[in-house]
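Residue numbers (the numbering used here): 121 to 404. For glycine and all other residues, C-beta sits at the position ideal for the given N, C-alpha and C. Values in this document were obtained by computation on a predicted structure and should not be read as measured data. So the structure is just underneath, and the comments pick up after that.
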């Protein structure tokens with residue numbers, strides 16, 4: 121089967137690759153380089169907080185045991201606020217129009233983002249900059265997420281210049297208008313550390329930045345309009361506290377909140393849940 125698959129790729133290489141039109145890609149790379157700026161030799165000190173959430177689940181026959189948590193941490197690893205979490209048993213369904221949607225990842229991602237917004241609110245004014253893992257733009261335009269999160273309940277707290285959303289991955293094409301995501305073109309068109317000119321989506325400020333030479337770009341968003349100098353000031357504060365091109369405080373937040381499969385098994389045991397799984401049925 122795999123041999124046939126490889127043969128198909130070889131025979132249809134041009135057709136499959138034509139989505140990334142070479143001539144168009146060259147033009148987009150030129151555009152990306154024109155709006156790319158090098159960082160000055162300046163260092164800004166700032167106290168940072170990192171916010172991230174995690175979720176995991178165990179599926180049963182018709183329901184799930186789930187756990188969601190989130191943390192706000194400082195660069196020394198200390199907690200800026202109390203840990204927030206939710207543990208429950210549910211079908212994790214939701215209504216969309218007249219339909220019932222069974223998609224646990226949507227529900228649990230929504231719960232995680234709600235926890236993140238609560239942590240943002242509690243972290244404001246305790247540090248200089250609050251960094252949040254993930255994209256602000258994606259959260260706004262995913263209607264299902266927006267309804268689950270009651271986004272506008274939190275929107276006012278996000279319209280600040282000290283709350284910064286940072287994404288390692290992004291499918292957004294709003295800046296360079298290519299067939300692939302903007303971050304793909306910035307990654308390939310540039311290699312040294314720097315940042316793009318700001319782009320505005322209504323009141324959201326969007327930039328792409330590489331915080332260390334020869335490492336992947338990040339998508340960085342602010343919930344208010346900032347000019348180029350204001351963006352640079354904040355990027356220099358973040359750049360100073362990065363490891364391998366990513367804010368160290370967000371790495372700490374990720375490691376602190378991660379809910380592993382082993383954690384879920386321990387929760388299952390503590391609750392005393394016993395159910396025959398599909399694999400166990402086969403073993404009888």
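Assign residue i to one of two classes, buried (16 or more other C-beta atoms within 10 Å of its C-beta) or exposed (fewer than that).
i	result
residue 340	buried
residue 263	Confidence at residue 263 is low in this model, with a pLDDT of 48, below 50, so the placement of that residue should be treated as unreliable; the coordinate-derived value is given next. Residue 263 is exposed by the Cβ-count criterion.
residue 234	buried
residue 131	exposed
residue 188	buried
residue 392	exposed
residue 228	buried
residue 250	buried
residue 304	buried
residue 414	Residue 414 is absent from the model: the chain starts at 121 and stops at 404.
residue 208	exposed
residue 160	exposed
residue 129	exposed
residue 232	buried
residue 126	exposed
residue 256	buried
residue 358	buried
residue 320	exposed
residue 115	Past the edges of the chain, shown from 121 to 404, lies residue 115, and the structure says nothing about it.
residue 363	exposed
Which residue wins for smallest C-alpha separation from residue i, given the options the options?
i	options	result
residue 422	206, 163, 153	Residue 422 lies beyond the range of the chain shown here (121 to 404); nothing can be said about it.
residue 329	352, 191, 320	352
residue 230	317, 254, 217	254
residue 286	321, 246, 369	369
residue 190	223, 177, 168, 237	237
residue 258	221, 294, 354	294
residue 243	289, 225, 278	278
residue 203	224, 150, 366, 379	379
residue 365	382, 348, 321, 288	288
residue 170	239, 306, 349	239
residue 223	320, 177, 387	177
residue 148	213, 214, 290, 306	306
residue 201	218, 323, 245, 342	245
residue 174	205, 363, 260	205
residue 385	134, 150, 133, 179	179
residue 290	215, 383, 327	327
residue 252	134, 367, 218	367
residue 165	350, 219, 356	356
residue 314	241, 216, 152, 389	152
Report yes if the C-beta distance between residue i and residue j is below 8 Å; otherwise report no.
i	j	result
residue 325	residue 346	yes
residue 248	residue 338	no
residue 301	residue 292	yes
residue 280	residue 344	yes
residue 377	residue 172	yes
residue 213	residue 226	no
residue 342	residue 284	yes
residue 348	residue 317	yes
Considering only DSSP beta bridges, list what residue i is partnered with.
i	result
residue 321	324
residue 366	363
residue 209	185
residue 179	184
residue 242	None; residue 242 has no bridge partner.
residue 293	Partner(s): none; residue 293 has no beta bridge.
residue 252	171, 285
residue 194	169
residue 214	221
residue 342	284, 325
residue 157	315
residue 204	190
residue 199	193
residue 330	314
May I ask whether a heavy atom of the ligand HEM can be found less than 7 Å away from the beta carbon of residue i?
i	result
residue 374	The ligand HEM is not part of the structure shown, which contains no ligands of any sort.
Determine contact between the region 179-187 and the region 328-335, defined as no fewer than three beta-carbon pairs at a distance below 8 Å.
No, because fewer than three Cβ pairs between the region 179-187 and the region 328-335 fall closer than 8 Å, the two stretches do not touch.
Three CB pairs or more closer than 8 Å across the region 154-163 and the region 301-317
Yes: at least three Cβ pairs fall under 8 Å.
For the 8 Å Cβ check, are there 3 or more pairs between the region 190-200 and the region 371-384?
By the Cβ criterion, the region 190-200 is in contact with the region 371-384, since at least three pairs of Cβ atoms, one from each stretch, lie closer than 8 Å.
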